[in-house]
Amino acid sequence: MSHTVLIVTNEILKKMKNHYGVLANLPAGAIFSAKVDGCSVTGYRSGKVLFQGKNAAQESSKWDGKTAEPKKKSVSSTVLPDGFASMSIIGSDEVGTGDYFGPITVVAAYVEKSRIAELKELGVRDSKDMKDPEIVSVAKKLLKDIPYSLLILRNEKYNDLQESGMSQGKIKAILHNQALGKLHEKIAPVQPDAVLIDQFAEKTVYYRYLNEQKNIVRENVFFSTRGESVHLAVAAASILARYAFLKEMDKLSEEAGFTIPKGAGPIVDKAAAQLMKTYDESVLRHFTKLHFANTGKAKNILRGL
Numbered sequence: 001m002s003h004t005v006l007i008v009t010n011e012i013l014k015k016m017k018n019h020y021g022v023l024a025n026l027p028a029g030a031i032f033s034a035k036v037d038g039c040s041v042t043g044y045r046s047g048k049v050l051f052q053g054k055n056a057a058q059e060s061s062k063w064d065g066k067t068a069e070p071k072k073k074s075v076s077s078t079v080l081p082d083g084f085a086s087m088s089i090i091g092s093d094e095v096g097t098g099d100y101f102g103p104i105t106v107v108a109a110y111v112e113k114s115r116i117a118e119l120k121e122l123g124v125r126d127s128k129d130m131k132d133p134e135i136v137s138v139a140k141k142l143l144k145d146i147p148y149s150l151l152i153l154r155n156e157k158y159n160d161l162q163e164s165g166m167s168q169g170k171i172k173a174i175l176h177n178q179a180l181g182k183l184h185e186k187i188a189p190v191q192p193d194a195v196l197i198d199q200f201a202e203k204t205v206y207y208r209y210l211n212e213q214k215n216i217v218r219e220n221v222f223f224s225t226r227g228e229s230v231h232l233a234v235a236a237a238s239i240l241a242r243y244a245f246l247k248e249m250d251k252l253s254e255e256a257g258f259t260i261p262k263g264a265g266p267i268v269d270k271a272a273a274q275l276m277k278t279y280d281e282s283v284l285r286h287f288t289k290l291h292f293a294n295t296g297k298a299k300n301i302l303r304g305l
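Letter by letter, the sequence shown follows residues 1 to 305 of my numbering.
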């Protein structure tokens with residue numbers, strides 16, 4: 001069934017209601033509904049008017065209004081080649097973007113196809129299915145086994161970038177691109193079959209974030225959500241990034257004098273309040289991502305102490 005959605009002013013909406021009349025049973029949010037030759041018309045309080053039926057376009061053309069753009073279906077940025085899971089791939093992933101405390105860690109890791117079975121035996125898999133002690137154990141072995149590039153963005157720099165107007169998405173894109181570039185240099189002249197980024201933005205958005213970068217890795221780059229399950233290289237990158245994040249959190253805990261919690265829940269608010277009470281508010285710039293809502297919550301807790 002064809003349909004058209006027209007966005008109209010309140011004045012036009014009233015005229016349409018008077019013109020079409022009101023049926024007894026209206027859909028939720030509707031102020032009128034009617035059936036005309038080859039078309040049903042329903043007007044909503046929001047100013048949207050839905051025309052459905054074979055004459056929808058013809059009937060809607062009788063009224064002044066803006067035609068609403070149809071919603072685009074979400075599609076994957078890229079279609080992966082056949083046999084992708086068994087190729088020699090550079091994978092990249094990041095950790096720490098949703099944590100109030102601690103840095104963002106990004107790792108690009110190269111896994112040759114001849115090493116895939118071996119790394120599976122080593123325990124490399126989706127890090128979300130692994131507890132931290134296992135991640136530490138597997139990561140220590142990976143550090144000696146595969147080429148990788150690690151970048152750590154600590155919170156002083158993160159807060160500077162964020163306050164300059166840079167979104168977290170752009171920050172992540174720049175870090176991924178830098179890690180990928182450094183790893184390409186490290187393994188040269190070897191060329192991977194492809195690069196797989198654990199997707200956090202659509203491909204066009206990702207490269208728009210990188211517009212101002214001098215060197216951009218573009219060749220054979222693919223994007224996939226749940227990249228750890230697509231290729232072991234992303235799983236390895238995720239494990240190494242998590243390991244680096246855990247080490248950084250241990251350092252922060254040592255500085256603070258108590259265990260710094262992960263995540264962004266209520267326990268984190270209390271820890272931040274404790275830090276401010278022990279030191280002062282300025283210490284948060286070193287320990288936390290200041291723009292998170294946890295900052296305000298921690299200050300409210302501190303006022304109540």
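Think of the CB as a built atom: it goes at the ideal place given N, C-alpha and C, for glycine as much as any other residue.
Counting C-beta neighbours from all protein chains within 10 Å, is the total for residue i 16 or more, i.e. buried, or is it exposed?
{"i": "residue 89", "result": "buried"}
{"i": "residue 242", "result": "buried"}
{"i": "residue 198", "result": "buried"}
{"i": "residue 188", "result": "exposed"}
{"i": "residue 288", "result": "buried"}
{"i": "residue 282", "result": "exposed"}
{"i": "residue 170", "result": "buried"}
For residue i, which of helix, strand or coil comes out of DSSP?
{"i": "residue 118", "result": "helix"}
{"i": "residue 260", "result": "coil"}
{"i": "residue 76", "result": "Caution applies to residue 76, whose pLDDT of 41 falls short of 50 and renders its modelled position unreliable; the model cannot decide the point."}
{"i": "residue 71", "result": "Legend: pLDDT at residue 71 = 48, less than 50; position of this residue unreliable, no value from coordinates given."}
{"i": "residue 289", "result": "coil"}
{"i": "residue 210", "result": "coil"}
{"i": "residue 12", "result": "helix"}
{"i": "residue 162", "result": "helix"}
{"i": "residue 17", "result": "helix"}
{"i": "residue 97", "result": "coil"}
{"i": "residue 216", "result": "coil"}
{"i": "residue 66", "result": "strand"}
Measure from the alpha carbon of residue i to the alpha carbon of each residue in the options, then state which is nearest.
{"i": "residue 157", "options": "22, 286 and 215", "result": "286"}
{"i": "residue 291", "options": "163, 267 and 217", "result": "163"}
{"i": "residue 248", "options": "49, 103, 19 and 131", "result": "103"}
{"i": "residue 150", "options": "283, 178 and 60", "result": "178"}
{"i": "residue 6", "options": "40, 38 and 50", "result": "50"}
{"i": "residue 54", "options": "36, 44 and 211", "result": "36"}
{"i": "residue 273", "options": "153, 25, 301 and 262", "result": "301"}
{"i": "residue 174", "options": "106, 295 and 226", "result": "106"}
{"i": "residue 172", "options": "139, 189 and 153", "result": "153"}
{"i": "residue 268", "options": "235, 93, 209 and 99", "result": "99"}
{"i": "residue 306", "options": "136, 28, 45 and 138", "result": "Lying before the first or after the last residue shown, residue 306 is absent from the chain, which here runs from 1 to 305."}
{"i": "residue 256", "options": "294, 295 and 275", "result": "275"}
Alpha carbon to alpha carbon, what distance is there between residue j and residue i?
{"i": "residue 47", "j": "residue 8", "result": "5 Å"}
{"i": "residue 185", "j": "residue 108", "result": "12 Å"}
{"i": "residue 145", "j": "residue 278", "result": "42 Å"}
{"i": "residue 66", "j": "residue 4", "result": "10 Å"}
{"i": "residue 129", "j": "residue 217", "result": "30 Å"}
{"i": "residue 71", "j": "residue 204", "result": "Here residue 71 scores only 48 on pLDDT, less than 50, and its place in the model should not be relied on; the value that follows carries that caveat. Cα to Cα, residue 71 sits roughly 18 Å from residue 204."}
{"i": "residue 193", "j": "residue 220", "result": "7 Å"}
{"i": "residue 166", "j": "residue 160", "result": "9 Å"}
{"i": "residue 82", "j": "residue 230", "result": "12 Å"}
{"i": "residue 26", "j": "residue 33", "result": "7 Å"}
{"i": "residue 73", "j": "residue 79", "result": "Model confidence at residue 73 stands at a pLDDT of 37, short of 50, so the residue's coordinates are unreliable and nothing is read from them."}
What does DSSP give as the partner residue(s) for residue i in the beta ladder?
{"i": "residue 176", "result": "Per DSSP, none; premise fails for residue 176."}
{"i": "residue 197", "result": "92 and 223"}
{"i": "residue 296", "result": "Looking at the DSSP assignment, residue 296 forms no beta bridge with any residue, so it has no partner."}
{"i": "residue 34", "result": "41"}
{"i": "residue 149", "result": "108"}
{"i": "residue 3", "result": "52"}
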